[in-house]
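Down below is the structure, laid out as structure tokens.
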Amino acid sequence: MVEQVDGEATSPVQAAAPRRLGRWAAHWARGGSPWTRGRVLAGAAVLTAGLLAFHRVVPNSVGHLGSLLEAFLPWLGLVVVVLLGLALLRRSAIALVVLLLPVAAWAYLFGGLLLPGAKPGPHDLVVVQHNVSDENTDPAGTARTLADAEPDLIALEELVPTALPVYEKTLAPHYPYHAVRGTVGLWSRHPLTDARPLDIKPRGITEAWSRGLRTMVHTPRGEIAAYVAHLPSVRVGASGLASSWRDESAGLLGKAIAAEKRDRLILLGDLNGTVDDRGLAPLTSRMNVAERGFAFSFPAGFPLARIDQVMARSAAVGHIRTLPATGSDHLPVAARIALG
422 MVEQVDGEAT
432 SPVQAAAPRR
442 LGRWAAHWAR
452 GGSPWTRGRV
462 LAGAAVLTAG
472 LLAFHRVVPN
482 SVGHLGSLLE
492 AFLPWLGLVV
502 VVLLGLALLR
512 RSAIALVVLL
522 LPVAAWAYLF
532 GGLLLPGAKP
542 GPHDLVVVQH
552 NVSDENTDPA
562 GTARTLADAE
572 PDLIALEELV
582 PTALPVYEKT
592 LAPHYPYHAV
602 RGTVGLWSRH
612 PLTDARPLDI
622 KPRGITEAWS
632 RGLRTMVHTP
642 RGEIAAYVAH
652 LPSVRVGASG
662 LASSWRDESA
672 GLLGKAIAAE
682 KRDRLILLGD
692 LNGTVDDRGL
702 APLTSRMNVA
712 ERGFAFSFPA
722 GFPLARIDQV
732 MARSAAVGHI
742 RTLPATGSDH
752 LPVAARIALG
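Counting from 422, one number per residue, gives the positions in the sequence shown under our numbering.
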């Protein structure tokens, strides 16, 4: 037998399929009591809460899975949102109650970043950090975008010989002081002295490689040691996260910071890792990180993580934010540092 639906022939099997699907969805949503259905969702909520609260327990011995998780840790909040939607659809009371665990864990880790920042102080230092990209075709426009934020300091990475004169010329009117070592540089409104390269080169890199700088900034509030660094890139593949060079370079930078005699110190750089990544522990264990803001900076087209960092010792890093996109594959970040 063939039924006519809107003038078209439809078999009984075809006509019954939508009805069966609707009955299945209704049964899935209603099956059992609110306290017995949705146990799988509740289990997923417990797992998500465990990953948030105990991410340090996830081992790095296999594919650096721990660091890979920590690179995208804030995004577990989206998992919570999806689970919430499914729990509501399922009308599962147990899943809704258990979801309080990952909500609490996420709020504990990241909720403070959403709070309003403190009011700017009269002696705050505004800094900008940007990996300008060695393939940037508009260095002049990039420099103007950074200067429009009116920072006191601008740290740049991936400076190439052809673009460096453009940055120098464009920034010179407002940033008369600058220091460049290798492919990293610092531009400043305040005088700079004692600039020297930092040796943060991993042993496995044999070619010429200079991506660290240390200098003194003479601000109205006193001298500050400023470090600019660009740590090696990491790669995500079938075997996991390849970050050994990054981790080794972070260790060398951490030792240099520990040996710094100046009490007040700021670190600006593309560290190729988030502040939650244990690979940056040699730095985050010694430095203060941003108290407010996510400022995901990479990739510029769809930012998923902030790997461009502003850290400080004996000073507080307040709100961090992204600036408009430039010709780079990174977004610039700007932060306010309270010197006290």
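Every residue gets a Cβ at the ideal spot worked out from N, C-alpha and C, and that includes glycine. Only a predicted model underlies this, so the values are computations on that prediction, with no experimental measurement involved.
Item	Value
Whole-angstrom C-beta distance between A646 and R632, which should lie under 8 Å	Not a contact, Cβ separation roughly 18 Å.
Burial state of S454, where buried means 16 or more other Cβ atoms lie within 10 Å	exposed
DSSP state of I626 mapped onto helix, strand, coil	coil
Helix, strand or coil at W456 [DSSP, three-state]	coil
Coil, strand or helix - Y596 by DSSP	coil
Whole-number beta carbon distance between V601 and L585, since they are thought to touch under 8 Å	7 Å
contact_flag[the region 488-505, the region 670-683] where n(CB pairs < 8 Å) is 3 or more	no
Buried or exposed by the 16-neighbour rule on C-beta atoms within 10 Å, applied to T627	exposed
Beta-carbon contacts of V547 that lie in its chain and below 6 Å, excluding the five residues immediately before and after	P572, D573 and R757
Burial state of W527, where buried means 16 or more other Cβ atoms lie within 10 Å	buried
Endpoints, the beta strand (DSSP E) within which V657 is located	R656 to G658
The region 466-473 contacting the region 509-528, beta-carbon criterion three pairs below 8 Å	yes
Integer-rounded CB distance, given that G672 should sit under 8 Å from P641	Actually they are not in contact, since the Cβ atoms of P641 and G672 sit about 34 Å apart, beyond 8 Å.
Proximity of L765 and A721 at Cβ, strictly below 8 Å	Because the chain here runs from 422 to 761, residue 765 falls outside it and cannot be looked at.
Where V461 falls: helix, strand or coil (DSSP)	helix
Counted within 10 angstroms of its Cβ, other Cβ atoms place T695 as buried (16 or more) or exposed	buried
Coarse secondary structure for G748, derived from DSSP in three states	coil
Anticipated Cβ contact below 8 Å, E579 with T604, distance rounded	6 Å
Proximity below 8 Å, CB of N557 to CB of S749	yes
6 Å Cβ shell around W449 - same chain, five flanking residues per side excluded	Confidence at W449 is low in this model, with a pLDDT of 47, below 50, so the placement of that residue is unreliable and no value is reported for it.
For R734, three-class secondary structure by DSSP	strand
Reference T743, options P724, A736, A465 and L509, closest by Cα	P724
Exposure label - G606; buried when at least 16 CB within 10 Å	buried
Status (buried if at least 16 other CB within 10 Å, exposed otherwise) for W767	Residue 767 is absent from the model: the chain starts at 422 and stops at 761.
Three-way DSSP call (helix, strand, coil) for G591 in this model	Note on residue identity: the sequence assigns Thr, not Gly, to residue 591. Three-state DSSP puts T591 in a helix.
Beta carbon of G661 nearer than 8 Å to that of H476	no
Endpoints, the beta strand (DSSP E) within which P618 is located	L613 to P618
When A508, A463, S482 and R460 are compared against R699, the one with the closest alpha-carbon	S482
Cβ pair R713, G538 closer than 8 Å	yes
is_contact[T566, chain C] using C-beta, thresh 8 Å	No chain C is part of this structure, which consists of one protein chain only.
Cβ-based neighbour list, P745, same chain, cut-off 7 Å, excluding 5 preceding and 5 following	T566
Test item: CB-CB of R667 and N693 under 8 Å	yes
Coarse secondary structure for R477, derived from DSSP in three states	helix
Residue closest to S670, alpha-carbon to alpha-carbon, out of L652, A659, A629 and A663	L652
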